[in-house]
Amino acid sequence: MQNTRAYISAIGMYVPEKRVTNDDLAELVNTSDEWIRERTGIGERRVVADGECNSDLSAKAIENCLANSGVSAEEIDLIIIPTVTPDMAFPSTACLVQEKLGAKKAWGFDLSGACSGFLFALATGAQFVQTGTHKKVVVVGTDVMTSIIDPQDRATCVLFGDGAGAVLLEPTEDEGIGFLDFLLRADGSGGKYLHMPAGGSKNPASHETVDKRMHYVHQDGRTVFKFAVKYLTEVTLEILRRNGRVPEDLSLFVPHQANLRIIKSTAARLKLREDQIAVNIERYANTTAATIPISLFESYSNGRLKKGDLVVLASFGAGFTWGSVLLRWGI
Ligand code: UT7
202 MQNTRAYISA IGMYVPEKRV TNDDLAELVN TSDEWIRERT GIGERRVVAD GECNSDLSAK
262 AIENCLANSG VSAEEIDLII IPTVTPDMAF PSTACLVQEK LGAKKAWGFD LSGACSGFLF
322 ALATGAQFVQ TGTHKKVVVV GTDVMTSIID PQDRATCVLF GDGAGAVLLE PTEDEGIGFL
382 DFLLRADGSG GKYLHMPAGG SKNPASHETV DKRMHYVHQD GRTVFKFAVK YLTEVTLEIL
442 RRNGRVPEDL SLFVPHQANL RIIKSTAARL KLREDQIAVN IERYANTTAA TIPISLFESY
502 SNGRLKKGDL VVLASFGAGF TWGSVLLRWG I
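Written out as structure tokens, the structure reads:
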């Protein structure tokens with residue numbers, strides 16, 4: 202097996218057309234635009250249309266990604282979909298998307314890593330490219346969070362949105378671009394602070410689980426907040442340190458977008474300048490596995506990311522799961 206370097210050779214995104222503002226939500230639950238903006242930085246979120254599901258968003262994000270690449274769906278070797286909101290338990294959303302795209306040669310699977318899912322999937326996909334067994338791997342971080350949030354719970358329903366971001370991974374001989382390092386972590390003792398209790402084998406769907414609202418996201422926000430800042434900071438510093446770098450060297454820091462206060466606290470601890478940080482939570486809220494690829498896509502599209510730039514992606518979420526990826530941007 203050869204050891205090639207993998208890089209992101211194309212990127213695309215898709216968000217549903219429907220916008221839901223904070224004022225819209227204030228008509229449904231006891232909240233306000235002021236509270237949501239002050240506590241989270243969120244202004245609006247996108248929400249799927251009736252009948253629109255994960256595989257629709259994923260397929261559109263991949264189509265946009267491929268349109269920017271010159272690669273056809275038939276050439277894809279592998280599709281990985283990190284998500285906590287698949288179309289259904291099985292078949293995998295990856296299989297449903299393979300069919301929608303006509304990606305006949307591809308195999309694929311879904312990956313459960315919650316808000317860290319995109320980084321876990323990038324690391325997984327990159328291994329297949331780096332060993333030389335696969336040449337074209339698609340990773341699409343997609344979540345339809347509005348399908349699992351309680352519309353009556355103001356503590357969670359204001360935080361999330363729907364969206365998808367896709368990247369194509371390919372091999373490169375260019376030593377100035379591509380993935381440099383992955384640092385991935387999990388601590389299952391944090392599971393109780395952010396979870397959806399029913400719908401799996403532990404609490405199969407029943408009248409009781411529905412009545413008790415167990416098919417929705419339950420979160421201890423303050424605890425999650427505290428760990429998010431601590432671990433996002435640690436994992437960013439560690440990946441930089443072990444590669445002989447410091448935060449000042451970064452062209453762009455792309456954190457998971459869960460709360461603007463988490464991003465700002467982390468950035469302050471890392472002593473990052475504002476122009477080093479990608480932030481778009483105001484427009485999309487927390488789209489779980491999609492926040493990082495969507496931020497990357499927008500940073501690339503608006504010219505903030507240039508070939509050769511040193512970038513850290515960092516995430517924290519349910520599990521607990523967290524991690525960082527160090528790369529040099531390649532397009
Ligand atoms: O991506 C997955 C990872 N998730 C996260 O990273 C989320 C981390 N946590 C957070 O972002 C924040 O903890 C939240 C945004 C969820 C909550 O912000 P907070 O500043 O920690 O507020 P809190 O939960 O301590 O609640 C403060 C008050 C409470 O009222 P009392 O008890 O002080 O009277 C809540 O009932 O705010 C109240 N509250 C609201 N008020 C208006 C909670 N949600 C709302 C709301 N509108 N939507």
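The opening residue of the sequence shown carries number 202 in my numbering; numbering runs sequentially from there.
Cβ coordinates follow ideal geometry from the N, Cα and C atoms, glycine included.
When burial is assigned at 16 or more other CB atoms within 10 Å of the CB, is L370 buried or exposed? L370 is buried by the Cβ-count criterion.
Please classify G531: does DSSP put it in a helix, a strand, or coil? If DSSP states are grouped into helix, strand and coil, G531 belongs with coil.
Limits of the unbroken alpha helix (DSSP H) element including E371: Per DSSP, E371 lies in no alpha helix (DSSP H) segment; the continuous beta strand (DSSP E) that holds it begins and ends at D363 to T373.
With a floor of 4 residues, list each alpha helix (DSSP H) that falls wholly inside the stretch 357 to 435, ordered by position along the chain. Those alpha helix (DSSP H) runs which fall completely within the stretch 357 to 435 and span 4+ residues are 408 to 412.
Which stretch, first to last residue, makes up the beta strand (DSSP E) that contains V455? From DSSP, the beta strand (DSSP E) with V455 extends over L453 to P456.
With a threshold of 8 Å, establish whether the CB of S259 neighbours any heavy atom of ligand 1. If you check the C-beta of S259 against ligand 1, you find no heavy atom less than 8 Å away.
Inter-residue CB distance, S259 and T343 (contact presumed, cutoff 8 Å): With a Cβ gap of about 4 Å, S259 and T343 count as contacting.
Run the proximity test for A387: is its beta-carbon closer than 8 Å to any non-hydrogen atom belonging to ligand 1? The answer is no for A387.
Shortest alpha-carbon distance to E276 belongs to which of G524, G364 and H335? Just measuring C-alpha positions, the residue of G524, G364 and H335 sitting nearest E276 is H335.
Less than 9 Å separating the beta-carbons of D382 and R462? It is not a contact, given that the beta carbons lie outside the stated cut-off.
Among residues of its own chain, excluding the 5 on either side of A227, which ones have a beta-carbon nearer than 8 Å to its beta-carbon? Excluding residues within five positions, the ones whose Cβ falls inside 8 Å are S233 and D234.
Going by the beta-carbon positions, is the gap between K472 and P448 smaller than 9 Å? Cβ atoms of K472 and P448: closer than 9 Å.
Close beta carbons around T347, own chain, < 6 Å, minus the five adjacent residues each side: Apart from sequence neighbours up to five positions away, the residues of its chain that approach T347 with a beta-carbon distance below 6 Å are V248 and D363, ordered along the chain.
Given a cut-off of 9 Å on the beta-carbon distance, is the pair L395 and V526 in contact? For the pair L395 and V526, the CB atoms are not nearer than the 9 Å cut-off.
Can you look up R505 in the DSSP assignment and give me helix, strand or coil? R505 falls in the coil class under three-state DSSP.
Where do the N-terminal and C-terminal ends of the alpha helix (DSSP H) with D344 fall, by residue? For D344, there is no enclosing alpha helix (DSSP H); the residue is found in the beta strand (DSSP E) stretching over V338 to V345.
Tell me whether F319 sits in a helix, a strand or coil according to DSSP, three-state version. Helix.
I'd like the span of the beta strand (DSSP E) that includes D288, first residue to last. Counting along the chain, D288 falls outside any beta strand (DSSP E), and DSSP gives it neither H nor E.
Does the count of Cβ pairs from the stretch 314 to 330 and the stretch 213 to 231 closer than 8 Å reach three? For the pair of segments examined, the stretch 314 to 330 was found not to touch the stretch 213 to 231: the number of CB pairs separated by less than 8 Å stays below three.
I need the straight-line Cα distance from R414 to D251, nearest angstrom please. Answer to the nearest angstrom: the Cα atoms are 21 Å apart.
Integer Cβ distance of F319 from A490, believed to fall under 8 Å: Distance from F319 to A490 at the Cβ level is roughly 5 Å; contact confirmed, criterion being Cβ atoms closer than 8 Å.
Which residues in the same chain have their Cβ closer than 7 Å to the Cβ of M202, if we skip the five residues on either side of it in sequence? The pLDDT assigned to M202 is 41, lower than 50, so where the model puts this residue is not dependable, and the model offers no usable value.
Check the DSSP bridge columns for N460 and list the partner residues they point to. According to DSSP, which records beta bridges pairwise, N460 is partnered with nothing at all.
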